[in-house]
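K.L.:
These protein sequence lines are chains A and B, in that order.
If you use our numbering, the first sequence corresponds to residues 1 to 335, in order.
If you use our numbering, the second sequence corresponds to residues 1001 to 1335, in order.
We put the beta carbon where it would ideally sit given N, CA and C, even for glycine.
Remember, predicted model here, so these are calculated numbers, not experimental data.
This structure is in structure tokens; I'll ask about it shortly.
Protein chains: 2
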Amino acid sequence: MKMSDLAKLAGVSKSTVSRALAGSERVTKETRDRIQQLAKDHNYKLDTRARNFRKQDILTIGVLLPSNGRQDWLATDPFVLEMLGSVADALEAKGNHELLLAKHTNNDPSWISEFARTRSVDGIIVIGQSLYHAELNLAAEHQPNMVVWGAQMPEQKYVTVGSDNYLGGKIATEHLLSQGRRHFAFLGDIRYPETKLRYQGYRDALKEAGLDYRTELTTESEHASDAAMESMAELLRREPSFDALIAASDHLAISAIKAITDHGLKVPQDVAVVGYDNITLASYSTPTLSSITQDRQAAGKLLVDTLFTLMEEGKAESTMIETRLMARSSTSAKQ
Amino acid sequence: MKMSDLAKLAGVSKSTVSRALAGSERVTKETRDRIQQLAKDHNYKLDTRARNFRKQDILTIGVLLPSNGRQDWLATDPFVLEMLGSVADALEAKGNHELLLAKHTNNDPSWISEFARTRSVDGIIVIGQSLYHAELNLAAEHQPNMVVWGAQMPEQKYVTVGSDNYLGGKIATEHLLSQGRRHFAFLGDIRYPETKLRYQGYRDALKEAGLDYRTELTTESEHASDAAMESMAELLRREPSFDALIAASDHLAISAIKAITDHGLKVPQDVAVVGYDNITLASYSTPTLSSITQDRQAAGKLLVDTLFTLMEEGKAESTMIETRLMARSSTSAKQ
DNA sequence: TATTATTATGCAACCGGTTGTATTTAAATT
DNA sequence: AATTTAAATACAACCGGTTGCATAATAATA
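In structure tokens, the structure reads:
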């Protein structure tokens, strides 16, 4: 059932139907009501695809969810969903926009630039820079209206929005320093730009505190939790003397806590842990996890706003949102 | 830059360009290559909206993420993201489909039927039945091609895909019964259809074991964690004698564990806990959380397959996927 | 009642591609 | 060289709406 069919039924022209359904004043109230009723009766549904094609007043925004190398990382980290939600909210608030979701499926990262090249979306938001810097640069050539959640990189052709990861790493470290901790370990994979910055903040905080950065206490790990457990277990065997751990994500932190507990040590008494992202569960896990907060609502809004600046003006600057440590702390002694 | 511009540049007709870009054999290889090169040089991008409008070979599937009443529930539960991911994967595997994402924003549930009424998507998948049974029924009238992740309800006009929540509740309870637990409490909000079934499974398992269901040990709670903490704390004050807890979700379970620990009791020694969903973090939290697994990969695939059956044949049946308890257990004594 | 102003509706072009069919061009056959 | 056959390209209609402009219908004015 198309509009012309409905027009025939109503005994009027297509244009009248179009205007009637749009509620235009150019059609008498009676005709309008009659046609609208008729449309309802016959369960007529306007073809949005045709409408949008003609009007071209709805922007389609592609939202991309890359995996983090590991197939399952993305699917498990609630932080990504919260970001997605806040991006959707921010788009919704703008009005007249469609959110086209695309996610990583196979292990070939070229889908990102492929998406940028072939889909004629009006803009792209990538939730998670991951290891795809080069790929994202390539994508940006095809779709200049692209904003990525992540960290600033050298020779970057896309725009990033992120939190101050360097500062975050520093705050986390200083937090534990202020509680008298002196032997640090860092858990995270510094191949990831964001993790690397957090790591640098961590190192600098230690340096400023006059503490030697002890390289052998650093461990690499994927975001996935099994790998994290193993890394942590190995670290504990190798170097059991640290009393403070900075983890690059809450997921890692929670895995680490398990590994530490399994090793027979107590958190936070023996080892204090600080995570990153401050996912909801962090507040409710046992023991409560201290974490660096990245404000997702602000982040989603900033991603969208930045993209719109880009679309309207053709340029935008990479920006950061607030980073802070949540007040609650795993280090407070439990009885 | 539209196709006709490119045609002018190339000195050929629009149709030749169209065919050249589509890689048709009807255009000489030389012309084809020349045009493709030209397109690349001029950074021409085909208008997918126009293409899809004309070809009508791409189905648009709306994926809806309702909130769970509480504004923040959805955004925090990784289970939803995992479901979303697996739905996206399943759609991707089908090919020729677009995933249009829409989520709850304000507190008005009518957006669901509004979406069904006004957006001309080819089908709808709703991830989370929540409390919106009536609303979903309404939506189904506008878009019969609608599949909902949730539980079967009386007088239901939409199709559901879900796991066997009744069985899940039963398995969870029997698991703790087999470990000698005898005093049970249930944490969850039975207004939610899925939770209600889990609760019924729980009650029946107790009945079959010859245990009186002790109504005063049941507590209602939203999925959100603050409310859960409070409910749990109150329950502990009121009735401190139970040694087993069935929680309607892992999120609830983790909150509950915290409340129990804060109360000075030990998990699992004093109170054994079983959750639901088996989110990734459940395996890595401390203590490890037993949980009922719902296979998300299968779920996403089944949601999509069911929707396609519906779209092709005009009818489909509500189905269930496997439910099982994960082997690892919080009840195993820790030393 | 004839004429003008106003309002309601219809016509046809258009959005940017795709595709069946007609036409031109080149190659093959006699 | 003339004719048939095949290959390459062009033409024009179409997808399902929207919208500027023309026209028909109605109301207002002389």
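Answer yes or no: the CB of B/S1231 versus the heavy atoms of the ligand COA, is any distance below 7 Å?
P.N.:
Here there are no bound small molecules, and the ligand COA is not part of this structure.
K.L.:
Roughly how many angstroms lie between the CA atoms of B/L1303 and B/L1211, to the nearest whole one?
P.N.:
So the two alpha carbons sit approximately 37 Å from each other.
K.L.:
Could you confirm whether any beta carbon from chain B is found closer than 8 Å to the beta carbon of A/R49?
P.N.:
Yes, A/R49 lies at the interface with chain B (some Cβ there is under 8 Å from its Cβ).
K.L.:
Helix or strand or just coil, what does DSSP make of A/D277?
P.N.:
Note: A/D277 maps to strand in three-state DSSP.
K.L.:
To the nearest angstrom, report how far apart A/K170 and B/G1264 are at their CA atoms.
P.N.:
Rounded to the nearest angstrom, the two C-alpha atoms are 34 Å apart.
K.L.:
So what does DSSP say about A/Q36, is it helix, strand or coil?
P.N.:
The answer is helix: DSSP assigns A/Q36 an H, G or I state.
K.L.:
Provide the residue span of the beta strand (DSSP E) that contains B/E1098, from first to last.
P.N.:
Its beta strand (DSSP E) spans residues 1097–1103.
K.L.:
Comparing alpha-carbon positions, which option in B/F1053, B/H1183, B/L1176, B/N1278 lies nearest B/V1121?
P.N.:
Closest option to B/V1121, Cα to Cα, is B/F1053.
K.L.:
Would you mind working out which of B/K1055, B/S1110, B/L1176, B/E1025 sits nearest B/I1246, comparing C-alpha positions?
P.N.:
Measuring from the Cα of B/I1246, the nearest candidate turns out to be B/L1176.
K.L.:
Report all residues from its chain with a CB closer than 7 Å to the CB of A/A88; omit the five preceding and five following residues, and keep chain order.
P.N.:
L99.
K.L.:
Is there a C-beta anywhere in chain A that falls below 8 Å from the one on B/N1096?
P.N.:
No, because no Cβ of chain A sits closer than 8 Å to the Cβ of B/N1096.
K.L.:
Can you pull the chain B neighbours of A/T293, defined as C-beta to C-beta under 8 Å?
P.N.:
Neighbours of A/T293 on chain B: none; closest Cβ ~14 Å, over 8 Å.
K.L.:
DSSP three-state label for B/S1113, please.
P.N.:
Helix at B/S1113.
K.L.:
When we look at the beta-carbon of B/D1033 and count the other beta-carbons within 10 Å, is it buried (16 or more) or exposed?
P.N.:
The residue in question, B/D1033, is exposed, as its Cβ has fewer than 16 Cβ neighbours within 10 Å.
K.L.:
Is there a Cβ of chain A sitting closer than 8 Å to that of B/A1088, yes or no?
P.N.:
By this cut-off, B/A1088 is an interface position.
K.L.:
Taking the alpha carbon of A/A248 as the point to measure from, which residue in A/I260, A/R198, A/K266 has its own alpha carbon closest?
P.N.:
When only C-alpha atoms are compared, the closest one is A/R198.
K.L.:
By DSSP's criteria, A/T60 is part of a beta bridge. Which residues make up the other side?
P.N.:
A/E98.
K.L.:
Please compile the residues from chain A whose C-beta is within a distance smaller than 7 Å of the C-beta of B/I1254.
P.N.:
In chain order: L281, Y284, S285.
K.L.:
Whole angstroms is fine: what's the gap from A/T105's alpha carbon to B/R1296's?
P.N.:
Whole-angstrom Cα-Cα distance: 15 Å.
K.L.:
Identify the continuous beta strand (DSSP E) that holds A/F184 and give its terminal residues.
P.N.:
Counting along the chain, the beta strand (DSSP E) containing A/F184 begins and ends at 184–187.
K.L.:
Just to confirm my understanding: we take B/D1243, look at its own chain, exclude 5 residues before and 5 after, and list those with CB closer than 6 Å. What are they?
P.N.:
If we look at B/D1243 and ignore the five residues flanking it on each side, its Cβ neighbours are R1181, H1183, V1271.
K.L.:
Got a sec? Which residues, its chain only, sit under 7 Å from A/I279 by beta carbon, not counting five neighbours each side?
P.N.:
If we look at A/I279 and ignore the five residues flanking it on each side, its Cβ neighbours are P78, F79, D250.
K.L.:
Within the same chain, show all residues whose beta-carbon is closer than 8 Å to that of B/A1090, passing over the 5 residues directly before and after it, in chain order.
P.N.:
Contacts found: G1300, K1301, L1303, V1304, D1305.
K.L.:
Check the Cβ-Cβ distances between A/E92 and every residue of chain B, and say whether any is below 8 Å.
P.N.:
With 8 Å as the cut-off, A/E92 counts as an interface residue toward chain B.
K.L.:
Just the chain B side, please: which residues come within less than 8 Å of A/N145 by C-beta, in chain order?
P.N.:
Going along chain B, no residue has its Cβ under 8 Å from A/N145, so there is no contact; the nearest lies around 12 Å.
K.L.:
Starting from B/M1311, find everything on chain A with Cβ-Cβ shorter than 9 Å and list it in chain order.
P.N.:
Ordered by position in chain A, no residue passes the 9 Å Cβ test against B/M1311, which lies about 15 Å from the chain.
K.L.:
Could you work out which residues of chain A lie near B/R1119, taking near to mean beta carbons separated by less than 8 Å?
P.N.:
Those are T48, listed as they occur along chain A.
K.L.:
Alpha carbon to alpha carbon, what distance is there between A/T76 and B/L1281?
P.N.:
One C-alpha to the other measures close to 8 Å.
K.L.:
In chain order, what residues of the segment 1029–1045 of chain B put their CB closer than 7 Å to some CB of chain A?
P.N.:
Cβ contacts with chain A: K1045.
K.L.:
Taking the alpha-carbon positions, what's the A/T173 to A/E220 distance?
P.N.:
Going by the C-alpha atoms only, they are around 18 Å apart.
K.L.:
Below 8 Å on C-beta distance, what does A/M229 contact in chain B?
P.N.:
Going along chain B in sequence order, the residues near A/M229 (Cβ under 8 Å) are Y1284.
K.L.:
Here's a check: name, in chain order, each residue in its chain whose Cβ is nearer than 6 Å to the Cβ of B/Y1202, leaving out the five neighbours to either side.
P.N.:
Excluding sequence neighbours, B/Y1202 sits near G1169, T1173, F1186, I1246.
K.L.:
Under the assumption that A/G62 contacts A/I112 (Cβ atoms under 8 Å), give the Cβ distance between them as a whole number of angstroms.
P.N.:
No, A/G62 and A/I112 are not in contact; Cβ-Cβ is about 10 Å, not under 8 Å.
K.L.:
So B/E1194 and B/Q1129 are supposed to be a Cβ contact under 8 Å. How far apart are they, rounded?
P.N.:
Going by Cβ atoms, the distance from B/E1194 to B/Q1129 rounds to 7 Å, so yes, they are a contact pair.
K.L.:
Checking contacts by CB at 8 Å: is B/S1329 closer than that to chain A?
P.N.:
Confidence at B/S1329 is low in this model, with a pLDDT of 48, below 50, so its placement is unreliable and the value that follows should be read with caution. Cβ-Cβ to chain A under 8 Å: no for B/S1329.
K.L.:
To which residues does DSSP link A/Q179 through a beta bridge?
P.N.:
Looking at the DSSP assignment, A/Q179 forms no beta bridge with any residue, so it has no partner.
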